[in-house]
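**Q**
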Amino acid sequence: MHRVRNRVYELRQAKSIRQEDLAHHVGVTRQTIIAIEGGNYTPSVALALRIAHFFKKHVDEVFYF
Numbered sequence: 001m002h003r004v005r006n007r008v009y010e011l012r013q014a015k016s017i018r019q020e021d022l023a024h025h026v027g028v029t030r031q032t033i034i035a036i037e038g039g040n041y042t043p044s045v046a047l048a049l050r051i052a053h054f055f056k057k058h059v060d061e062v063f064y065f
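Structure, rendered in structure tokens:
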């Protein structure tokens with residue numbers, strides 16, 4: 001099984017956004033953002049799309065194999 005990698009931490013840092021703020025905007029807890037950034041949690045398609053939309057990116061620019 002392939003592990004989904006992501007650029008959430010990189011994109012969040014580039015915008016100077018706190019984990020709490022991103023979590024609030026996409027409707028999850030800060031712990032979920034921490035897990036996604038650490039590669040310990042693969043978000044649902046809906047959540048991945050909300051995160052990508054927040055950063056104004058295509059989902060495949062944020063999440064990849």
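In my numbering, the protein residues as written are 1 to 65.
By construction, the Cβ of each residue, glycine as well, lies at the ideal position given by its N, Cα and C atoms.
1) Could you check where the alpha helix (DSSP H) with Ile36 kicks off and where it finishes?
2) Alpha carbon to alpha carbon, what distance is there between Lys57 and Ile17?
3) According to DSSP, what are the bridge partners of Tyr64?
4) Please say whether His25 and Phe63 have beta carbons closer to each other than 9 angstroms?
**A** Result, derived from the coordinates:
1) Element bounds for Ile36: 30-37.
2) Cα atoms of Ile17 and Lys57: separation of roughly 16 angstroms, rounded to the nearest angstrom.
3) In the DSSP output, where bridge partners are listed per residue, Tyr64 has Arg5.
4) No, the pair does not count as a contact, with Cβ atoms beyond the cut-off.
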